[in-house]
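For the sequence shown, the tail end lands on 929 under my numbering, and the numbers increase by one without skipping.
Heads up, the beta-carbon is just placed ideally off N, CA and C, and yes, glycines get one too.
All remarks here apply to the structure that follows.
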Amino acid sequence: MAEGRYDEAVLSLTQAGEAAARMHEDAFLGRILLALSDAYANTCFFSEALASADSARAVFTRLSDSRLAGAAIYRMARARVGLEDFTAADSLYTVMLAERGLPEADLPRMLADAALLSVQDLDDPDRAVSLFEEALALTDVMDSPDHWGAYAYALASTGEKTRAEAVFKEMVSSGWAESHAYQVWKSRTLALQGDYRTAFDLLEQAARRQRSGMLRMLRQSAVRAQRDYYVLENERIRARDRSMGVIGGLILLILLLLLAAAFLLFRRRDRKTRFERAELLDWASSMENQRDELSLSQARLRSDYAKLYQSYFQKVGRISEIVQNSPDRERGVYYQLSQLIKDIRLDKRGQKQFEAMINRDLDDVMAHFRDDFPSYQEETFRFMSYVFAGFDAATIRLLMEMASDATVHTKKSGIKKVILSSDSPHRDQYLTLL
């Protein structure tokens, strides 16, 4: 099996298992069944892999060998994942994580497989990160690019973007940049971060690679054919009066059925890939629509703000007159402008109306922000109302009488850090508007 000759392995292990059963060598029989389960799993015959692992579990339970029984349960969990029975697989992994009743050499990979299931099919990245890091604490090497890719995606999903990128760079250094696992997990991470174009390109590459893999799987149908041929050969020995023509016809029919089943499997996987690609495109389109709606809402808020303070902005005309007619122009301009800004800053009623407009158009963002950060002063709440409404730095500087645009950006950056470190359920909403 080290060279991938699983067809020969299945045949040899089946014969060895029959011999061990006849000789009542249960310890050898259990180990043979474990190896047979691995061979079936590596050729995608998950039903057979599950049956072999379950038989091995029964043998080792009868022998009171809890560690090898645990190894059999671990293989049953992997087979359940292959059959897409994720609930049953998670139940088996949960039992093993609680009991740790399997050989020490299998423990890191079992933890990594349980983590992969958590992030890929159960949508629990926090649990996945915990399990991956427990596996890495036992051995700093995971030999599967699927495990490393899932680990990086789980880190990104929990906000560990820098660590996630470091894992992907390590995968590239290890020669996995062209692997299907790297392309799929990197694509999902890029989509999570909003880079949909690059994510889509990587997903296309992964789809092409998967199609090539499916074509190779068509050739693997010979594994089942050889196994069935062995069964038929035994039957021929027991019933020598059967004609060779009937046996040949049965073998040909089985081969045709296997090829048909393999082709249907390929079609099913190809449809799934097309569906995932269409789903990603729909997601990207939805995000574009949300961005456009946000831009329209912010533009409407800025317009409403201008209407709310129309009487104040008319005073700009007076400033212009002073500039043109007053001999002491600078002093007059400064006084009029200061009065205008002061009137706006002290207008609590107008600010309350403006925040009501923001809450109306942006899903109560100001109400949430006030509830989540009650220790901020009113000046900060006014500042954030301008930020959420999409005002540029120059406008905010003028309305808040701040020293420079850089001061505006510094204040915004400080508030953003506070939001990032908070556990507010509205954190993503704030960061999107920032």
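With burial defined as no fewer than 16 other Cβ atoms inside 10 Å of the residue's Cβ, what is the status of M518: buried or exposed? So M518 ends up on the exposed side.
Give me, in chain order, the residues of the same chain whose beta-carbon lies closer than 7 Å to that of Y588; leave out the 5 immediate sequence neighbours on both sides. Excluding positions up to five away in sequence, the list reads A572, A609 and L612.
Do the stretch 910-921 and the stretch 866-876 meet, that is, are 3 or more Cβ pairs less than 8 Å apart? Touching, per the Cβ criterion.
Distance, Cα to Cα, A668 vs S507? As written in the sequence, residue 668 is Ser, which differs from the Ala given in the question. Rounded to the nearest whole angstrom, the CA to CA distance from S668 to S507 is 38 Å.
Rounded to the nearest angstrom, what separates M897 and F878 at their Cα positions? Straight-line Cα distance between these residues: approximately 11 Å.
Going along the chain, which residues of its own chain have a beta-carbon closer than 6 Å to the beta-carbon of Y925, five neighbours each way excluded? Result list for Y925: I914, in chain order.
Whole angstroms is fine: what's the gap from F695's alpha carbon to T927's? Each residue's Cα considered, the two are about 22 Å apart.
Suppose you measure from the CA of N854 to the CA of W643; what does that come to, to the nearest Å? Annotation: N854 to W643 spans about 42 Å, alpha carbon to alpha carbon.
Give the single residue among A574, S639 and M666 whose Cα lies nearest to the Cα of S532. The residue with the shortest Cα to Cα distance from S532 is A574.
In chain order, what residues of the same chain lie with their CB nearer than 6 Å to the CB of A551, ignoring the 5 residues before and after it? If the five residues before and after A551 are omitted, its C-beta is found closer than 6 Å to the C-beta atoms of G525, L528, L529 and A567, all from its own chain and listed in chain order.
Can you give me the start and stop residues for the alpha helix (DSSP H) that W643 sits inside? That run of the alpha helix (DSSP H) goes P640 to S652.
Confirm, please, whether the CB-CB distance from W680 to Y648 is below 8 Å. A Cβ-Cβ contact shorter than 8 Å links Y648 with W680.
Measuring alpha carbon to alpha carbon, tell me which residue in Y691, L857 and A553 is nearest D777. Of the candidates Y691, L857 and A553, Y691 places its Cα closest to the Cα of D777.
Measure the C-alpha to C-alpha separation of K847 and F876 and round it to an integer number of angstroms. Whole-angstrom Cα-Cα distance: 11 Å.
Looking at the secondary structure, which residues open and close the alpha helix (DSSP H) in which H921 lies? H921: not part of any alpha helix (DSSP H); DSSP gives it neither H nor E.
Step through the CB atoms of chain C and report whether any lies within less than 8 Å of the CB of Q872. You won't find chain C in this structure, because it holds only one protein chain.
What are the start and end residues of each continuous alpha helix (DSSP H) run of 4 or more residues lying completely inside the stretch 506-586, in chain order? Runs of the alpha helix (DSSP H) inside the stretch 506-586: 521-537, 541-557 and 561-577.
Limits of the alpha helix (DSSP H) - the one that T875 falls within: Per DSSP, T875 belongs to the alpha helix (DSSP H) from E873 to F883.
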